[in-house]
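In our numbering, the protein residues as written are 2 to 218. Just so you know, even glycine gets a beta-carbon here, dropped at the ideal spot from N, CA and C. From a predicted model like this one, the values you see are computed outputs, not experimental measurements.
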């Protein structure tokens with residue numbers, strides 16, 4: 002399902018995982034191609050609103066924080082398709098997110114956690130493409146460095162930068178990798194937090210515009 006983030010008002014989304022098809026619910030398979038594969042996994046980072054069929058569960062939930070709920074979901078996708086809804090069904094309050102207050106969730110590298118998940122669930126040769134797509138997507142997710150700088154313990158930022166190089170040597174030639182890496186290293190945390198929040202509220206919210214969301218309290 003698509004979902005969005007907000008600060009104080011549901012009427013002012015500041016970030017969103019958009020629908021695959023805004024007009025119709027879409028049936029997708031991890032065998033459809035790289036775009037479809039990445040779209041599916043882009044949407045499952047947030048646990049809320051996901052629906053699993055119990056009879057299809059073969060891979061258990063995991064102890065790693067970020068992909069804990071994705072292991073069984075990915076396991077289902079090896080044999081079955083999924084439905085990507087056209088309607089937004091979840092709104093995430095940024096101010097209440099544990100990603101801002103529970104620094105221990107970053108004790109294990111988010112990048113390594115995701116890579117381990119892809120390598121474990123899609124270990125068979127027939128899923129080599131899916132494994133490659135997933136690992137490439139995670140090792141080029143540079144914006145995640147900002148979250149680690151702002152809310153992680155000292156040292157986790159350097160760790161993640163080095164891991165992005167270890168798992169994807171192409172990052173050494175990627176201007177965006179250096180932009181985010183150097184920027185996060187040199188900009189003070191307090192200013193970077195303000196900068197990110199201001200950008201989301203003043204710029205991103207205008208780019209997104211309004212999102213139809215029928216909220217029932």
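Tell me the start and end of each unbroken alpha helix (DSSP H) in the stretch 151-202 that is at least 4 residues and wholly inside, in chain order.
-> Entirely contained in the stretch 151-202, the alpha helix (DSSP H) runs reaching 4 residues are, in chain order, 157-168, 176-187 and 190-200.
Quick one, which of 56, 208, 134 and 193 has its alpha-carbon nearest residue 36's?
-> Check the Cα spacing between residue 36 and each of 56, 208, 134 and 193: the tightest is with 134.
Inspect the CB distances between the stretch 59-66 and the stretch 30-49 and report whether three or more fall short of 8 Å.
-> No, the stretch 59-66 does not touch the stretch 30-49.
Could you say if the stretch 4-15 and the stretch 89-99 meet the contact criterion of at least three C-beta pairs nearer than 8 Å?
-> In short, these stretches touch, since the Cβ pair count reaches three.
For residue 122, the nearest candidate out of 85, 177 and 70 (CA to CA) = When each option's Cα is compared against that of residue 122, the closest is 70.
Between which two residues does the beta strand (DSSP E) containing residue 16 stretch?
-> For residue 16, the enclosing beta strand (DSSP E) starts and ends at 14-18.
Distance, residue 126 Cα to residue 206 Cα = One C-alpha to the other measures close to 42 Å.
Assign residue 208 to buried or exposed, taking buried as 16 or more other Cβ atoms, counted over all protein chains shown, within 10 Å of its Cβ.
-> Looking at its Cβ environment, which holds fewer than 16 other Cβ atoms inside 10 Å, residue 208 is exposed.
If residue 112 sits next to residue 164, beta carbons under 8 Å apart, how far is it from one beta carbon to the other, in whole angstroms?
-> The beta-carbon separation of residue 112 and residue 164, rounded to 5 Å, stays under the 8 Å limit for a contact.
Do you know how far the Cα of residue 109 is from the Cα of residue 148?
-> When rounded, the distance between both Cα atoms is 14 Å.
When we look at the beta-carbon of residue 53 and count the other beta-carbons within 10 Å, is it buried (16 or more) or exposed?
-> Exposed, because fewer than 16 other Cβ atoms sit within 10 Å of the Cβ of residue 53.
Tell me whether residue 151 is buried or exposed, calling it buried when 16 or more other Cβ atoms sit within 10 Å of its Cβ.
-> Classification of residue 151: buried, given that the 10 Å Cβ count is 16 or more.
Put residue 27 into one of helix, strand or coil per three-state DSSP.
-> Correct three-state label for residue 27: strand.
Entirely within the stretch 73-118 and at least 3 residues each: give me those beta strand (DSSP E) ranges in chain order.
-> Listed in chain order, they are 83-85 and 91-94.
Would you kindly check if the distance between the Cβ of residue 115 and the Cβ of residue 73 is under 9 Å?
-> It is not a contact, given that the beta carbons lie outside the stated cut-off.
State the start and end residues of the unbroken beta strand (DSSP E) segment that holds residue 5.
-> From DSSP, the beta strand (DSSP E) with residue 5 extends over 4-7.
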